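Residue numbers (our numbering): 116 to 410.
All C-beta atoms, glycine included, are put in the ideal place defined by N, C-alpha and C.
Since this is a predicted model, take the numbers as computed values, not measurements.
What follows is a single structure, written as structure tokens, with notes after it.
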Amino acid sequence: MTEFIVRNREMDTASRNLSNLISDALAIEEQEAFEAGKVGFMARMLVQATMPHSDPKSATFERVNGNFCLTMSAPSPKIGLPYGTIPRLLLSWITTEAVRTKERELILGDSMSGFMRQLDLVPTGGRWGSVTRLKDQTKRLFSASVSCYTDTEEGYQNINFHLVKRSSLWWEPKNPGQQTLWQSSILLDEDFFEEITNRPVPIDMRALKALKRSPLALDIYNWLTYRMSYLSRSTTIPWEALQMQFGSAYAEKRVFKYKFLEAMKKVQLVYPEAKVSESDGGLLLIPSKPHIAKK
Numbered sequence: 116m117t118e119f120i121v122r123n124r125e126m127d128t129a130s131r132n133l134s135n136l137i138s139d140a141l142a143i144e145e146q147e148a149f150e151a152g153k154v155g156f157m158a159r160m161l162v163q164a165t166m167p168h169s170d171p172k173s174a175t176f177e178r179v180n181g182n183f184c185l186t187m188s189a190p191s192p193k194i195g196l197p198y199g200t201i202p203r204l205l206l207s208w209i210t211t212e213a214v215r216t217k218e219r220e221l222i223l224g225d226s227m228s229g230f231m232r233q234l235d236l237v238p239t240g241g242r243w244g245s246v247t248r249l250k251d252q253t254k255r256l257f258s259a260s261v262s263c264y265t266d267t268e269e270g271y272q273n274i275n276f277h278l279v280k281r282s283s284l285w286w287e288p289k290n291p292g293q294q295t296l297w298q299s300s301i302l303l304d305e306d307f308f309e310e311i312t313n314r315p316v317p318i319d320m321r322a323l324k325a326l327k328r329s330p331l332a333l334d335i336y337n338w339l340t341y342r343m344s345y346l347s348r349s350t351t352i353p354w355e356a357l358q359m360q361f362g363s364a365y366a367e368k369r370v371f372k373y374k375f376l377e378a379m380k381k382v383q384l385v386y387p388e389a390k391v392s393e394s395d396g397g398l399l400l401i402p403s404k405p406h407i408a409k410k
């Protein structure tokens, strides 16, 4: 009987999540992102190669997309690497603010709950609450260093940098609504700042809000928005290549393929103009209207 009640609760939760996603999707369709003032940006390199979805339990992590390779490193296994949805929301906020202000130093505010509202996160306590997870993931993300390289017949290029040069977080996690005497802030690494402000990927912040429960769906949305902005002919991407880019943690291709297609369904609810379909051996992309209209 107890098992039946738990299963029903899980089904009710899943149903509510889907209902909320559909409602958000309809709202996105009703108004263009520029008109709604909801245009945000994402770092191009972290659209081409993404962060871990779950804790890799390692101090290094690698993603590959064709000739492009991104390696993210933590200063020690004790700190660990960023993973899940919160670092993705953080990076979107960082990129959007850097593009908006044209400043390397970004102000996060004088209270933790105030900043969490900017990420569309509700402060909750406890070991697995959003306050604890935000504190942990900010430490992981702001401590991480990145190495990117491309290796082609024409030559080899690489760049190494930290995301954040300095962070000053004065929040009190036990009382996230308490205002502090000093504003919390971060100073972006100069190379990272140049990367995210020179060629950022425009995204609809309402889509991120709708998809924030799934790091894979967030990655697919950002990538699909970027690809459709320049796709000129129909292209099939092999599942093996997609797995290297999005799901190297999945041991079997069939498991990754199932998870990817489930996440893609959610993405297509918020980006219905994207013409994608499963084909023999891969995912077929057909030139489609960009989710963010060019200005």
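Check your understanding: For Y271, does the three-state DSSP call read helix, strand or coil?
Key -> Correct three-state label for Y271: strand.
Review point. Pairing CB atoms from the region 300-312 with CB atoms from the region 277-288, are three or more of them under 8 Å?
Key: Counting Cβ pairs under 8 Å, three or more are found: they touch.
**Study point:** Separation of T239 from P315, as counted between CA atoms
**Key:** Whole-angstrom Cα-Cα distance: 32 Å.
**Study point:** Sheet register partners of I301 (DSSP bridge)
**Key:** According to DSSP, I301 bridges with L221 and S282.
Exercise for review: Would you tell me roughly how many angstroms separate the C-alpha atoms of I335 and G241, rounded to the nearest one?
Suggested key: Taking C-alpha positions only, I335 is separated from G241 by approximately 30 Å.
Practice item. Could you pull out every residue in the same chain whose Cβ sits closer than 7 Å to the Cβ of T350, ignoring the five residues on either side in sequence? Key: Cβ within range, chain order: L400.
Check your understanding: Does DSSP put I82 in a helix, in a strand, or in coil?
Key -> Only positions 116 to 410 of the chain appear in the structure, and residue 82 is not among them; the question remains open.
Check your understanding: Taking the alpha-carbon positions, what's the I274 to T267 distance?
Key -> Distance between the alpha carbons of I274 and T267: 15 Å.
Review point. So is W243 buried or exposed if we call it buried at 16+ other beta carbons inside 10 Å?
Key: Per the 10 Å Cβ criterion, exposed.
Exercise for review: Report, in whole angstroms, the separation of the C-beta atoms of W286 and S226, which I expect to be a contact under 8 Å.
Suggested key: Yes, they are in contact, since the Cβ atoms of W286 and S226 sit about 7 Å apart, within 8 Å.
Check your understanding: Is it right to say H406 is buried, meaning 16 or more other beta carbons lie within 10 angstroms of its own, or is it exposed?
Key -> Result: buried.
Practice item. Return the residue from the list I311, S228 and Q252 that minimises the CA-CA distance to K289. Key: Among I311, S228 and Q252, the Cα nearest to that of K289 belongs to S228.
Check your understanding: Count the other CB atoms within 10 Å of the CB of I222; is the residue buried (16 or more) or exposed (fewer)?
Key -> With fewer than 16 other Cβ atoms within 10 Å, it is exposed.
Check your understanding: With respect to the beta strand (DSSP E) encompassing I318, which residues constitute its N-terminal and C-terminal limits?
Key -> Run containing I318: V316 to D319, per the beta strand (DSSP E) assignment.
**Study point:** Alpha-carbon to alpha-carbon, G224 and T165
**Key:** Rounded to the nearest angstrom, the two C-alpha atoms are 27 Å apart.
Check your understanding: Are A378 and S329 closer than 8 Å when you measure CB to CB?
Key -> Their beta carbons are under 8 Å apart, which means A378 touches S329 by this criterion.
**Study point:** Cα-Cα separation between R432 and P402, rounded to whole angstroms
**Key:** The displayed coordinates of the chain run from 116 to 410. Any statement about residue 432 would go beyond what the structure contains.
Check your understanding: First and last residue of the beta strand (DSSP E) that includes P167?
Key -> Per DSSP, P167 belongs to no beta strand (DSSP E) and is neither H nor E.
Review point. Roughly how many angstroms lie between the CA atoms of F371 and M320, to the nearest whole one?
Key: Cα-Cα distance, rounded: 26 Å.
Point to revise | Contact belief for E393 with K404 at Cβ below 8 Å, rounded distance in angstroms | key: Contact between E393 and K404 fails: their C-beta atoms lie close to 21 Å from each other, not under 8 Å.
Practice item. Give me whichever residues DSSP pairs with Y373 in a beta bridge. Key: Note: Y373 sits in no beta bridge, so no partner.
Check your understanding: For T210, which residues of its own chain have a beta-carbon under 7 Å away from its beta-carbon, when the five flanking residues on both sides are left out?
Key -> So the qualifying residues of the chain are F156, M157, A158, I311 and P315.
Review point. Does DSSP classify Y386 as helix, strand or coil?
Key: Y386 falls in the coil class under three-state DSSP.
Exercise for review: Classify D266 as helix, strand or coil using the three-state DSSP reduction.
Suggested key: Correct three-state label for D266: strand.
Practice item. Would you check if the distance between the CB atom of N180 and the CB atom of Q360 is smaller than 8 Å? Key: Yes; because the gap between Cβ atoms is below 8 Å, this pair is in contact.
Practice item. Could you pull out every residue in the same chain whose Cβ sits closer than 7 Å to the Cβ of G292, ignoring the five residues on either side in sequence? Key: Same-chain partners within the cutoff: S226 and S228.
Practice item. At 4 residues or longer, and completely inside the region 232-268: list those alpha helix (DSSP H) runs for me, N to C. Key: 245-258, all fully within the region 232-268.
Review point. Does DSSP classify F119 as helix, strand or coil?
Key: With a pLDDT of 43 at F119, under the threshold of 50, the modelled position of this residue cannot be trusted; read the value that follows with caution. F119: helix per DSSP, three-state reduction.
**Study point:** Opening and closing residue of the alpha helix (DSSP H) in which R191 lies
**Key:** The question names Arg, but residue 191 is Ser in the sequence shown. Per DSSP, S191 belongs to no alpha helix (DSSP H) and is neither H nor E.
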